[in-house]
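S.K.: Attaching a single structure in structure tokens format; questions to follow.
In the working numbering, the protein residues as written are 6 to 347.
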């Protein structure tokens, strides 16, 4: 049995986005189960309404009121599946809090997700953004997911290839996949776990503690400590984590930039391209700690834009545009925002 969700009108979304920006939804439905979601969209009129699907609201910049049906994914549940010879499979509902899910897998004695600890948001949002940190991305531990296709109101399973993962990207951010609603995600966690310490800052943090053969829990604790040191808690100061993607340029572009800026922070990619550190570029342009109206750049991490109190989405947008213009003028590189602008 499932209960029909209650359609609400003219609802504030301030507490549903980590920037803490005030915007109102014309229509709002909190979804607590897949059956409930299917029931909600079984009505052709409702299925045809413009939609915004949200989870934790940690990758969202609300620039206006939302003249649409907001579906707030709050479905819960997690389970360990048999998996195969090399991997244990773990499934979680889209509405599960991401960090709590990572902590739960560790409590079950399962390693694999620890490098992604303390990333805000929900499980359902992880594949959309292909979230990544400290040398690991969602796609590296992904098995499959289930989506509801509103056009048919049918559930469909999608494997890694179908999700078309890229750097902070997936089919769910593209025109042919934006309409799909993720209901659950299954991860493949290695039975023969090895720590992923390719990220220098993480390896250094463990070394400082004299830990030479860390457990998955110790890696997670180190990740949490590093993130807390550098990033603001959205419960304290409104933000959406890293606001810009690290730009990827050709080897030739990188060489030309290095000739002019020898201290340029860059990382060679498997395909020969170079990933530049957006935070370094922004810092070099003098933006770290600066404010523009009620929006600002976090003093400890230039990649994070913050709501210093009462900022609107337009304030944050204006600040982001000013940063983009300065970085492009100085380095010839266009920064691309991570959050979805609504």
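Where is the CB? At the ideal position from N, CA and C, for every residue including glycine.
Bear in mind that the values here come from a model prediction, so they are computed numbers and not experimental data.
List the endpoints of the continuous beta strand (DSSP E) containing residue 301.
M.R.: Where residue 301 is concerned, the enclosing beta strand (DSSP E) stretches over 300–302.
S.K.: Tell me the DSSP bridge mates of residue 192?
M.R.: 95, 147
S.K.: Helix, strand or coil for residue 6 per DSSP?
M.R.: With a pLDDT of only 48 at residue 6, under 50, the local geometry of the prediction cannot be trusted, and the value read off the model is given with reservation. Coil.
S.K.: Check for me: the alpha helix (DSSP H) holding residue 33 runs from which residue to which?
M.R.: Looking at the DSSP string, residue 33 is not in any alpha helix (DSSP H); the run it does join, the beta strand (DSSP E), is 29–36.
S.K.: How would you write the range of the alpha helix (DSSP H) that residue 178 sits in, first residue to last?
M.R.: Where residue 178 is concerned, there is no enclosing alpha helix (DSSP H), given that its DSSP letter is neither H nor E.
S.K.: Identify every residue that forms a DSSP beta bridge with residue 313.
M.R.: None, per the DSSP bridge assignment.
S.K.: What number of angstroms, rounded off, separates the C-alpha of residue 275 from the C-alpha of residue 203?
M.R.: 14 Å
S.K.: For residue 145, which option in 236, 25, 132 has the closest C-alpha, if you only look at C-alpha atoms?
M.R.: 132
S.K.: Rounded to whole angstroms, what's the CA-CA distance from residue 194 to residue 324? Just pull it up for me.
M.R.: 40 Å
S.K.: Short check: CB of residue 99 to CB of residue 78, under 8 Å?
M.R.: Contact flag set, yes.
S.K.: I'd like to check one pair, residue 281 with residue 312: are the Cβ atoms closer than 8 Å?
M.R.: no
S.K.: According to DSSP, is residue 273 helix, strand or coil?
M.R.: It is a strand residue.
S.K.: Return yes when the Cβ of residue 229 is within less than 8 Å of the Cβ of residue 348, no when it is not.
M.R.: A query on residue 348 cannot be resolved here, the shown segment of the chain reaching from 6 to 347 and no further.
S.K.: Give me, in chain order, the residues of the same chain whose beta-carbon lies closer than 8 Å to that of residue 373; leave out the 5 immediate sequence neighbours on both sides.
M.R.: Coverage of the chain is limited to positions 6 through 347, which leaves residue 373 absent and any answer about it impossible.
S.K.: Which residue marks the beginning of the alpha helix (DSSP H) containing residue 51, and which one marks its end?
M.R.: 49–52
S.K.: Considering Cα atoms alone, identify which of 12, 317, 327, 219 is closest to residue 32.
M.R.: 12
S.K.: Quickly, what does DSSP pair residue 83 with across the bridge? List them, please.
M.R.: Paired residue(s): 97.
S.K.: What three-state label does DSSP hand residue 281 in the structure shown?
M.R.: strand
S.K.: Per DSSP, residue 342 is paired with what?
M.R.: 249
S.K.: By DSSP, does residue 164 sit in helix, in strand, or in coil?
M.R.: Residue state, collapsed to three classes: strand.
S.K.: Would residue 318 pass as a contact of residue 69 if the rule is Cβ separation under 8 Å?
M.R.: Cβ distance < 8 Å, so residue 318 and residue 69 count as in contact.
S.K.: Look at the Cβ atom of residue 149, then the Cβ atom of residue 173, and state whether they are nearer than 8 Å.
M.R.: no
S.K.: Please report the straight-line C-alpha distance between residue 236 and residue 246, rounded to a whole angstrom.
M.R.: 7 Å
S.K.: With contact counted as at least three CB pairs below 8 Å, one residue from each stretch, are the segment 322–336 and the segment 282–296 in contact?
M.R.: yes
S.K.: Taking 8 Å as the threshold, find out whether the segment 78–96 comes into contact with the segment 107–121 through three or more Cβ pairs.
M.R.: yes
S.K.: Whose CA, out of 265, 233, 37, 257, lies closest to the CA of residue 336?
M.R.: 265
S.K.: Please go through the segment 211–249 and give each complete beta strand (DSSP E) segment of 3 or more residues, from N-terminal end onward.
M.R.: 243–247
S.K.: With H, G and I counted as helix, E and B as strand and the rest as coil, what does DSSP make of residue 140?
M.R.: coil
S.K.: Would residue 249 pass as a contact of residue 66 if the rule is Cβ separation under 8 Å?
M.R.: no
S.K.: My understanding is that residue 118 touches residue 138, with C-beta atoms under 8 Å, so please give their C-beta distance in whole angstroms.
M.R.: Rounded, the Cβ-Cβ distance is 11 Å, inconsistent with contact.
S.K.: Using a Cβ-Cβ cut-off of 8 Å (strictly less than) and excluding sequence neighbours within five positions of residue 183, which residues of its own chain qualify?
M.R.: Within the same chain, residue 183 has close Cβ partners 177.
S.K.: On a CA-only basis, which of 155, 39, 190 is nearest residue 86? Give me that one, please.
M.R.: 190
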